[in-house]
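Undergrad: Just dropping this structure here.
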Amino acid sequence: MAEPVFRTIEILVKAAIAVSGIKITFIGEENIPERGGAVLAVNHTSYVDWVPAEYAATLRGRRLRFLIKAELQQLRSINFVIKHVKLIPVDRTAGADAYAVAVERLRAGELVGVHPEATISRSFELREFKTGAARMAHEAGVPIIPVIVWGAHRIWTKDHPKSLWRSRIPITVKIGAPIWPMDTLEKTQAALREAMVRLLHETQESYPHPPGAYWVPRRLGGGAPTPEEARLLDEAELAERAKRAQSALGEGGSIDGAAGAARRIALRPSTSRNGGCTCIPTADKQGTSPDRAGVVGGAGVVERREQKG
Numbered sequence: 001m002a003e004p005v006f007r008t009i010e011i012l013v014k015a016a017i018a019v020s021g022i023k024i025t026f027i028g029e030e031n032i033p034e035r036g037g038a039v040l041a042v043n044h045t046s047y048v049d050w051v052p053a054e055y056a057a058t059l060r061g062r063r064l065r066f067l068i069k070a071e072l073q074q075l076r077s078i079n080f081v082i083k084h085v086k087l088i089p090v091d092r093t094a095g096a097d098a099y100a101v102a103v104e105r106l107r108a109g110e111l112v113g114v115h116p117e118a119t120i121s122r123s124f125e126l127r128e129f130k131t132g133a134a135r136m137a138h139e140a141g142v143p144i145i146p147v148i149v150w151g152a153h154r155i156w157t158k159d160h161p162k163s164l165w166r167s168r169i170p171i172t173v174k175i176g177a178p179i180w181p182m183d184t185l186e187k188t189q190a191a192l193r194e195a196m197v198r199l200l201h202e203t204q205e206s207y208p209h210p211p212g213a214y215w216v217p218r219r220l221g222g223g224a225p226t227p228e229e230a231r232l233l234d235e236a237e238l239a240e241r242a243k244r245a246q247s248a249l250g251e252g253g254s255i256d257g258a259a260g261a262a263r264r265i266a267l268r269p270s271t272s273r274n275g276g277c278t279c280i281p282t283a284d285k286q287g288t289s290p291d292r293a294g295v296v297g298g299a300g301v302v303e304r305r306e307q308k309g
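For what it's worth, full-length UniProt numbering labels the leading residue of the sequence shown as 1, then goes sequentially.
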């Protein structure tokens, strides 16, 4: 695993997390294969949940290649990282290209990271899944590894200020058993969701949840939006983005001008402080999250627990 740029980023991120005092507990990392391709399906509650997911792979001597918004290639520093750590850029207008690259990487024996929900869940419950992860697994003939990251949303999520240097925030990463492609895509998709719901609830059982806290799901007595309230907030955000794109069309005077302006808008911080990693294949034409994307990293203080059962 030469890749000096990747290794440098790992070291820097690990150091930053260690300084912050964040403690990451891993459960079930043995479910990540030491060799061969696999899709890591990770829940999405935070702009930084890709960090502990990436580190989980390093515990097995692997590196995880997340999908990332193609717009970020316009930023020199991010484009440099994309090229040197082999991230997979996703163009919302041509998602099939990224999908094909992901399948090729899987067949070559690499790990590919995907957020099946496609965008951050404001309710911190699992949103409806897109089919990209399951389709990639079927086409490449590799397993899907369900992964739950819990606690990262306390560091940075939608509609709330960042707490990047707030110490002692615990993060739990629970990795489930591999799910091999079944005889139909629908069965694989259902098995993946069932596994991730179960892992999410198991992870939450051992995590302290103060009543009323904004980052605690309503189901657990917290102040987070319900799934229905979150859906309405998402719709309002999409409507605002469409309005801004329409305004850009008027200013640009052409479709090409509007497209360029829309991309520039997507890269600006919005009122909801968008950021994070867009890690979703779009060959199903479902569109990707508008959030600004992160890249790749490691982690700091680690506790590894054996998985029971």
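Backbone N, C-alpha and C fix where the C-beta goes; we use that ideal spot for every residue, glycine too.
Go ahead and label P269 buried or exposed: buried means 16 or more other beta carbons lie within 10 angstroms of its beta carbon, across all protein chains shown.
TA: Because the pLDDT at P269 is just 39, under 50, the model does not fix this residue reliably, and the value given afterwards should be weighed accordingly. Under this definition P269 is an exposed residue.
Undergrad: In whole angstroms, what is the alpha-carbon distance linking E229 and F124?
TA: Straight-line Cα distance between these residues: approximately 12 angstroms.
Undergrad: Suppose contacts are defined by Cβ-Cβ distances below 8 angstroms. Is I120 in contact with I88 by that definition?
TA: No.
Undergrad: Roughly how many whole angstroms lie between the Cα atoms of R168 and G223?
TA: Near 21 angstroms, if we compare the C-alpha coordinates of G223 and R168.
Undergrad: Is G95 closer than 8 angstroms to I145 when the C-beta atoms are compared?
TA: Cβ distance not < 8 angstroms, so I145 and G95 don't count as in contact.
Undergrad: Give the DSSP bridge partners of A41, in chain order.
TA: Paired residues: V114 and P146.
Undergrad: Just mark A239 as buried or exposed, buried being the case when its beta carbon has 16 or more other beta carbons within 10 Å.
TA: Under this definition A239 is an exposed residue.
Undergrad: Alpha carbon to alpha carbon, how far is N31 from W156? Give it in angstroms, no decimals.
TA: Computed Cα separation, rounded: 27 angstroms.
Undergrad: Count the other CB atoms within 10 Å of the CB of D183; is the residue buried (16 or more) or exposed (fewer)?
TA: By the 10 Å Cβ count, D183 comes out exposed.
Undergrad: Evaluate contact between the region 127 to 142 and the region 150 to 165, counting only Cβ atoms and requiring at least three cross-stretch pairs below 8 angstroms.
TA: Not touching, per the Cβ criterion.
Undergrad: Could you tell me the distance, in whole angstroms, from the CA atom of V51 to the CA atom of S247?
TA: So the alpha carbons of these two residues sit roughly 35 angstroms apart.
Undergrad: Run through the DSSP bridge pairs and tell me what L67 is partnered with.
TA: DSSP, once it has assigned bridges, lists I88 as partnering L67.
Undergrad: Counting Cβ pairs closer than 8 angstroms, one from the region 132 to 142 and one from the region 23 to 42, do we hit at least three?
TA: The region 132 to 142 vs the region 23 to 42: in contact.
Undergrad: Helix or strand or just coil, what does DSSP make of residue 315?
TA: Shown here, the chain extends from 1 to 309; a query on residue 315 therefore has no answer.
Undergrad: Out of curiosity, what's the CA-to-CA distance linking V19 and P208?
TA: The straight-line gap from Cα to Cα measures roughly 23 angstroms.
Undergrad: Would the beta-carbon of P116 fall within 8 angstroms of that of L192?
TA: Taking 8 angstroms as the Cβ cut-off, P116 and L192 qualify as a contacting pair.
Undergrad: Does K130 come out as helix, strand or coil in the three-state DSSP assignment?
TA: Of the three classes helix, strand and coil, the one that applies to K130 here is coil, per DSSP.
Undergrad: Let me know the secondary structure DSSP gives K162 once reduced to three states.
TA: Reduced to three states, the DSSP call for K162 is coil.
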